[in-house]
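4 protein chains.
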Amino acid sequence: MAKQVRIGLVGYQFMGKAHSNAYRQLHRFFPELGVEPVLKALCGRSEEKVKAAAEKFGFESYETDYRKLVERDDIDIIDIVTPGDTHVEIAIAAAKAGKMVFCEKPLASSVDKVQVMCDAVNAAGVRNATCFNYRGVPAVKLAKQMIQDGVLGKIYHWRSVYLQDWIVDPNFPIVWRLQGDIAGSGSHGDLVAHSIDLAHYLVGDITEVCGMMDTFIKQRPILAESDDRLGGKASDEMGDVTVDDSSIFLARFANGAVGTFEATRMAAGRKNHNKFEINGSKGSIVFNMERMNELEYYNHDDPAELKGFRTIQTTDGCHPYTGNYWPIGHIIGYEHTFINLIHDMLQAWESGAEFHPDFNDGLKCQKVLDAVKSSSDTRTWKGV
Amino acid sequence: MAKQVRIGLVGYQFMGKAHSNAYRQLHRFFPELGVEPVLKALCGRSEEKVKAAAEKFGFESYETDYRKLVERDDIDIIDIVTPGDTHVEIAIAAAKAGKMVFCEKPLASSVDKVQVMCDAVNAAGVRNATCFNYRGVPAVKLAKQMIQDGVLGKIYHWRSVYLQDWIVDPNFPIVWRLQGDIAGSGSHGDLVAHSIDLAHYLVGDITEVCGMMDTFIKQRPILAESDDRLGGKASDEMGDVTVDDSSIFLARFANGAVGTFEATRMAAGRKNHNKFEINGSKGSIVFNMERMNELEYYNHDDPAELKGFRTIQTTDGCHPYTGNYWPIGHIIGYEHTFINLIHDMLQAWESGAEFHPDFNDGLKCQKVLDAVKSSSDTRTWKGV
Amino acid sequence: MAKQVRIGLVGYQFMGKAHSNAYRQLHRFFPELGVEPVLKALCGRSEEKVKAAAEKFGFESYETDYRKLVERDDIDIIDIVTPGDTHVEIAIAAAKAGKMVFCEKPLASSVDKVQVMCDAVNAAGVRNATCFNYRGVPAVKLAKQMIQDGVLGKIYHWRSVYLQDWIVDPNFPIVWRLQGDIAGSGSHGDLVAHSIDLAHYLVGDITEVCGMMDTFIKQRPILAESDDRLGGKASDEMGDVTVDDSSIFLARFANGAVGTFEATRMAAGRKNHNKFEINGSKGSIVFNMERMNELEYYNHDDPAELKGFRTIQTTDGCHPYTGNYWPIGHIIGYEHTFINLIHDMLQAWESGAEFHPDFNDGLKCQKVLDAVKSSSDTRTWKGV
Amino acid sequence: MAKQVRIGLVGYQFMGKAHSNAYRQLHRFFPELGVEPVLKALCGRSEEKVKAAAEKFGFESYETDYRKLVERDDIDIIDIVTPGDTHVEIAIAAAKAGKMVFCEKPLASSVDKVQVMCDAVNAAGVRNATCFNYRGVPAVKLAKQMIQDGVLGKIYHWRSVYLQDWIVDPNFPIVWRLQGDIAGSGSHGDLVAHSIDLAHYLVGDITEVCGMMDTFIKQRPILAESDDRLGGKASDEMGDVTVDDSSIFLARFANGAVGTFEATRMAAGRKNHNKFEINGSKGSIVFNMERMNELEYYNHDDPAELKGFRTIQTTDGCHPYTGNYWPIGHIIGYEHTFINLIHDMLQAWESGAEFHPDFNDGLKCQKVLDAVKSSSDTRTWKGV
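This is the structure in structure tokens:
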């Protein structure tokens, strides 16, 4: 009989749907884990909406105040998927209430705020994790293993882009992700944050950065009504866009590697083009989230006339996670990255092992984000 | 409040896992459907195994005899995912008991047997469907719409391959899919059956065929123990492989198009390479299940200097099904093809609309399969 | 000082341009060959046109009657690139005159006619070659070496398509390649002939075939005036198309492999899509002429988690031919296939070594072409 | 009768071969141009080597002193393809002698030196051009036309990488391209220079940059003997590498676009991966020199459900240059970029039209190169 772990989820939009699904599905695909999440309570400010969402996602109950949620005895983990400006207070409350905390990235909009969150969980001594879900991609975990095993040799280059195009239309309205006071930043915290974490995970610590952040379309229609994907209806009135459209920077890593990072929401044709390439002395790898079931790999030591980038379909039983899903060649999707990450998190938390990405990894990421912002403002390199 | 439809599932291996998952997930992604499947009972001959599987998949109860299952009052749909040699008797029993019947492909191992199944559901007047799940791929449904709308013009060519490599190793044991008395055939009924249905769906009726079926490795180790993916442990003893390794044929369609079909399990490097290309007078499309979130499309009427195959990421809100999942660019996987197909099936059954693929579509597919087999035996063209 | 070999070329359209270019360039890229072609004379029936072409291509002189050309003492090799219906008489005349003969494919429109050509060169004891230029692609020669070295193991599958779309428009006029009395056949002799030769070269002898040949558009405008690419101007009058639009067949090889061949000029979006895939017990390869500087290769013996099709850029110094061109990654094009093939031909002829593809290889190809035609007519398998 | 233009070429290694080939081939493919280059004289310091090269490339004569070459009355154009440290003096001498000057990039190793070259050609009033040969790629010229026609709308992003891997092996010797006193720089002047020119050509003026240049392997074996590709034999002695392995920078364009540039010779698996992507308000394009016969294009205005990056095969008669080569789908290669560029240069020079890229374009490129170098040294943004 699997041990139950009871989830209290704060937030019910896109990420709420993704997290709920992961909890529901985890035990179905990983029954040997021995831990089964239970969707105990969903929390949101609008009773009407949170009630409907709770029913839709399969929660047993709902709350309209996170302060009540964190105090409930029947909750083990507080999972925070609200817009970024609310993470700090919820995480602190959860930590104080002794709950394990799982929070969406970016943890907050500045190092100071994230530091407060870290301090809170450390003071409370509670388990904590940041939802850098792309660590849960089989191909990414395979990449990690390859690098750890020395398959790529010494790393020289990191090269990432995270390209989207959902706001190319100048009449796309100012949804919350385009509002600085709520979202903190634009592609910066939303997209580059993922790339930074992947670089930390795969290459190592970033020591200094030099960046530029831009907003190409400075005014857009004010939002009339949001939908549950990423968009919404535009009103007739215009307003200021207070976040960046693109965030681009150069970086140096502690191990001597150099890197480029670019994120934008203005790359026509790119949908969720979260791509990176790593070049090392013994080989290279390339990953693109749009084809997340594949990892490209070049082995510098292959016979001279037979060298080339190979496309590994990371769906075999020997690949990370995928033996728990379907036979080889039968792909998984975006939602499974959450299942996989939560699997690793709960496995570690159960066994008492260290788990990454935790809040400290979120802090490390935020330090880079802040340094890039500062670099962009001052037009110089900044140490992290 | 969604209306409940109660599922009795017979079989609990790979396909049992896929179907169960689809039923569990359907309402989460398509709450507006108004129908919610309930996993009422799972059926299998081994009590130990079926009990464990029922728990794993989330069924309320289990049965060890399908005859008892079909008689239960609390079951609305009998879903059959057992090996092919048992479909006929179960489907007949279900029909006689007045249950709706959903059955995995191929329905049976010959036209005669499938005809009996069709007769049974017709006589009983029960709803029926065949699980050609690839009709539930967004890109495939988009292809269907494009062809219906005349986007490709008059169709000239169908060209499909369904390539796998899981038995390239001559020491891969004789699992049930390699046993003719259970599976009926090899790549023929397992893989080409899918391609035939897709061709029927997208291009139209096949009128005659000429084929060749081959078994390259005629003896393999007898199976010691199967696993729940596609493989198992080999014993020391050798046995005869009684199914085809590859099935290849030429075809003519009623509308004048010509086609090629090829399926094999001996194509090193191909994992689930279910690919087709259609060439018409106004354009072409290409689909590959390994990249199921993409559809390639060539528009013959594009400006001369800007013509080329484009890769459509079929993940936008305007594409079939995908608006119910994640934002654009966030891919879905193999399992969602079942959710989508079952969505369409239940939607049709609820509304009283005709649904395809039904048993008759399974029969149409079987007629082609039988004609190919006969053609291969007699080395001539065969009408369908 | 390189030894000169003097060329008399009959024909000056597309292929005349390609062959002339190859002769002119050969010595520049392969100076170590020790043989330098000299463009001695160009031959064509229209004095005005052949004179202009001779000047354009760089020939020293021209002739308007091939009978005069073959008698000239200052010619060593007669190269025939005229439309197919004239190959026989020219080749016979050349052979009788003791000239080495190099002829475009298909050699003629039937086995009987090709046999006469073979008899003529054999009787005369003259060197002879068929211009299956795709044997001169670096990736194809690499494939040959890999197969000879056992890299792919036992071959199970050959799968080729040769797809074009230049006659998809029903108003494309009846150029000579669409006239049966001149061209012999359509995609059959023009395209599938190449695939057959590649299959012979890479896999081995074809023993039996079963095919279907189709003409989708049976009437087209009569040609008013041809251009020097593949097209021309349409007149107002309609005429019958007397060649096939597509030629498709199944095949069995002497070594137990099975194959599919398809050629069509009606595949919208495909330009020169000459593609094949070979699956063997140890690996697979894929080649596409549109990306002729690449060869895809899957090694079944790679580590389990790192298996995948790799894209070899066949431009390294260690690859066939390419060390004589440019540094790695700097691609060559279509025209170099002729240079490479002629290089190998002249090298063999100089050294006294056997050379393939010779007329006998052209005959072998024609036997398959004829068998497919016969099979298509009789709707049964035909031995080759 | 075509007018002859007489070429004096200084240098005979890789680029000498490429330029000679282009001159020899130009008239064959572009007879309507009305200008035919004549390979009059080749110049190099070693009589033995230059004599052999002149014979190999097809020059009528040779010189061992460029000062004698520039004075010859039978020379119209001085073409300079020597290592970078000699460009200045040769170009000045040629200009003073009233010759038209065509020079390989980078023109020299600093803005000051290039300015001197510009002054010299301006003072002499002679025609001049810089060999940014990638402007001669059909796909690149198509891209230029598309952008000029507004097909991409307002440009937001330029994103280029120029990746090679020929020095990944730490034992690769210090050829002249790795010697700062001869080459000026490493990937900086050799590779990024190309990307900068393409960005100037396609997007517009770069106004400021921020870069980092790195040498990962600081010591390598001293060269024993060079070959005529890019490599050579290593001696036993080690020496300092005095050029950069990689050069990476951020850029701002005058029109508001932002860009990233990266060049490296340490990207395992990348051979001549000269790739760029441009994102505009109406669409995007992607080009990769390794597949130089293709241009990827995304049209933001395509119907919503049919949007996607399309791969244009730029080999049709309607595409730039390619109508002069082979039928559609029959690709050209690296060498043809030189033919095409020289075609445009001679066409402009004959007609009296302005031609780009001229020395001034080389200067513009050098200004960016110098600014990046300065930025890398000072760790700040630099205006161009």
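Protein chains in written order, with my numbering: chain A, 327 to 710; chain B, 327 to 710; chain C, 327 to 710; chain D, 327 to 710.
Ideal placement from N, C-alpha and C gives every residue a C-beta, glycine not left out.
Predicted model only: the values in this text are computed from it and were never measured.
Pairwise C-alpha distance: residue j and residue i
i: D391 (chain A); j: D411 (chain A); result: 16 Å
i: L517 (chain A); j: E622 (chain B); result: 27 Å
i: F613 (chain C); j: F602 (chain B); result: 18 Å
i: T706 (chain B); j: C536 (chain B); result: 6 Å
i: K439 (chain A); j: A577 (chain D); result: 32 Å
i: D670 (chain C); j: F383 (chain D); result: 21 Å
Limits of the beta strand (DSSP E) - the one that residue i falls within
i: A674 (chain B); result: Segment 660-677 is the alpha helix (DSSP H) holding A674 (chain B); no beta strand (DSSP E) there.
i: T637 (chain A); result: 635-639
i: F587 (chain D); result: 584-590
i: H483 (chain B); result: 481-489
i: L368 (chain C); result: 361-369
i: V477 (chain D); result: That residue, V477 (chain D), is in no beta strand (DSSP E); it is neither H nor E in DSSP.
i: C457 (chain C); result: 454-457
i: S387 (chain C); result: 387-389
i: K559 (chain C); result: 558-566
i: A344 (chain B); result: Run containing A344 (chain B): none in the beta strand (DSSP E); it sits in the alpha helix (DSSP H), 340-355.
Residue i, DSSP secondary structure in three states
i: T412 (chain C); result: helix
i: D405 (chain B); result: strand
i: V494 (chain B); result: coil
i: N605 (chain B); result: strand
i: D553 (chain D); result: coil
i: K329 (chain B); result: strand
i: E622 (chain C); result: strand
i: I654 (chain A); result: coil
i: V396 (chain B); result: helix
i: V501 (chain A); result: coil
Proximity test, Cβ basis, 8 Å: residue i and chain D
i: G384 (chain A); result: no
i: E397 (chain C); result: no
i: N347 (chain C); result: yes
N- and C-terminal bounds of the alpha helix (DSSP H) containing residue i
i: K699 (chain A); result: 685-704
i: S521 (chain B); result: 519-528
Check: residue i C-beta below 7 Å from any heavy atom of the ligand ADP
i: G609 (chain D); result: Ligands in the displayed structure: none, and consequently the ligand ADP is not present.
Proximity test, Cβ basis, 8 Å: residue i and chain C
i: V487 (chain B); result: yes
i: R546 (chain B); result: no
Short CB-CB distance (under 8 Å) between residue i and chain A
i: P363 (chain B); result: no
i: L528 (chain C); result: no
Any C-beta of chain B under 8 Å from that of residue i
i: T706 (chain C); result: yes
i: Q490 (chain A); result: yes
Subject >> Near-chain A residues of the region 634-651 of chain C - C-beta to any C-beta below 7 Å >> reply: G634, F635, R636, T637, I638, Q639, D642, C644, H645
**OP:** Could you list the residues in the region 604-627 of chain B with a C-beta less than 8 Å from some C-beta on chain C, going in chain order?
**Re:** N605, G606, S607, K608, G609, S610, Y624, H626
**OP:** Name, going along the chain, the residues of the region 460-478 of chain B whose beta-carbon falls closer than 7 Å to a beta-carbon of chain D.
**Re:** L468
Subject >> Within 8 Å of chain B by C-beta, residues of the region 576-591 of chain C in sequence order >> reply: L576, R578, G582, V584, T586, E588, T590
**OP:** Name, going along the chain, the residues of the region 655-672 of chain A whose beta-carbon falls closer than 9 Å to a beta-carbon of chain B.
**Re:** G655, H656, I657, I658, G659, Y660, E661, H662
Original post:
For the region 365-379 of chain C, which residues have a beta carbon sitting closer than 8 Å to at least one beta carbon of chain D?
Top reply: none
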